[in-house]
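The structure appears right after this line, and notes come after that.
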Amino acid sequence: MNTDHLEHIALFPIPNCVVFPGMVFPLHVFEPRYRNMVQQCLEEKMPIAICHTEKIIHEATPAETTKEALSKNQDTYKPFPIFSAGLCELVSITNDGRLLINVYVDRRLELIEEVQTLPFTIAKCRPYLDTVLQADEISAAEILKDKILHRLIAFAGNDKDVIHRLESDEWQQKSAQAFSFEVFSIIQLEPDLQQSILEDRSALSRLQRVLDVLNEKG
3 MNTDHLEHIA LFPIPNCVVF PGMVFPLHVF EPRYRNMVQQ CLEEKMPIAI
53 CHTEKIIHEA TPAETTKEAL SKNQDTYKPF PIFSAGLCEL VSITNDGRLL
103 INVYVDRRLE LIEEVQTLPF TIAKCRPYLD TVLQADEISA AEILKDKILH
153 RLIAFAGNDK DVIHRLESDE WQQKSAQAFS FEVFSIIQLE PDLQQSILED
203 RSALSRLQRV LDVLNEKG
């Protein structure tokens with residue numbers, strides 16, 4: 003495979019964390035290697051991927067103090083090969099050097115080739131795209147979206163902020179594809195299930211799976 007045209011992405015593995023396009027994901031970065039990674043990404047405008055992890059590759063000795071945590075790297079993980087990424091924005095730097103950033107997640111990617119592994123991973127990645135829905139599938143997806151909205155509003159109870167958000171024109175008018183991702187800014191499922199949904203290339207299928215889970219919850 004010719005990998006020259008692929009995009010370079012810096013990987014930030016976080017166990018049990020799955021993010022989706024459309025999210026703004028806040029990160030508190032304290033490990034030295036990842037502080038360096040963020041600085042490089044800011045300088046080079048290189049996207050950061052937030053990756054759920056398959057396993058630990060190297061287990062570090064736990065830090066006993068905040069000072070120690072800021073001066074040594076922690077466990078090293080193998081990420082799942084499908085993840086979401088986007089450019090980051092530096093929000094602030096604490097007095098002890100920790101970075102507070104926002105990652106503006108805007109696309110799914112597939113890891114093709116690691117080009118750097120130490121002190122952090124940079125990989126060549128390609129877009130991970132949905133299949134194109136047919137007209138009848140688009141109609142079915144819109145029906146599922148409406149059902150999910152009604153279920154979420156019912157689950158929200160007295161949470162007026164969530165209800166207002168779900169009833170807003172912005173959320174009511176989202177495409178089925180966008181909604182199938184951004185719904186995870188409101189609900190959180192078991193991480194491996196969210197990873198499986200992230201890897202699903204059909205908006206119709208993703209919405210059906212979300213609705214099935216909501217129906218199971220009553």
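The numbering of the sequence shown is my numbering, which starts it at 3 and goes up by one.
From the three backbone atoms N, C-alpha and C, an ideal C-beta is built for every residue, glycine too.
If you reduce the DSSP assignment to three classes, tell me which class residue i lands in.
i, result
"isoleucine 124", "strand"
"isoleucine 199", "helix"
"leucine 186", "Per the sequence presented here, residue 186 reads as phenylalanine, with leucine not at that position. Three-state DSSP puts phenylalanine 186 in a helix."
"asparagine 217", "helix"
"glutamate 192", "coil"
"glutamine 210", "helix"
"serine 94", "strand"
"leucine 8", "coil"
"glutamine 118", "strand"
Got a sec, what are the start and stop residues for the beta strand (DSSP E) residue i sits in?
i, result
"leucine 131", "Taken as a continuous stretch (DSSP letters only), leucine 131 belongs to no beta strand (DSSP E), as it is neither H nor E."
"lysine 80", "78 to 81"
Using only alpha-carbon positions, find the residue among the options that is nearest to residue i.
i, options, result
"leucine 151", "Arg35, Arg203, Glu184", "Glu184"
"phenylalanine 181", "Asp214, Ser207, Lys147, Phe157", "Lys147"
"lysine 47", "Thr55, Ile11, Phe32, Ile140", "Ile11"
"leucine 29", "His7, Ile52, Asn18", "Ile52"
"tyrosine 79", "Asp202, Ile16, Gly159", "Ile16"
"serine 94", "Val107, Ile189, Val40", "Val40"
"leucine 13", "Thr55, Glu45, His166, Glu172", "Thr55"
"proline 83", "Gln190, Ala125, Asn104", "Ala125"
"alanine 205", "Thr119, Ile103, Glu144, Gln197", "Glu144"
"leucine 131", "Glu115, Arg109, Thr119", "Arg109"
"proline 34", "Ser187, Ala178, Glu91, Arg100", "Arg100"
Could you tell me which residues DSSP pairs with residue i in its beta bridges?
i, result
"alanine 87", "Ala51, Arg109"
"proline 15", "Cys53"
"glutamine 136", "DSSP, once it has assigned bridges, lists no residue as partnering glutamine 136."
"valine 31", "Leu101"
Where do the N-terminal and C-terminal ends of the alpha helix (DSSP H) with residue i fall, by residue?
i, result
"valine 21", "Unbroken run through valine 21: none, as it is neither H nor E."
"glutamate 45", "34 to 46"
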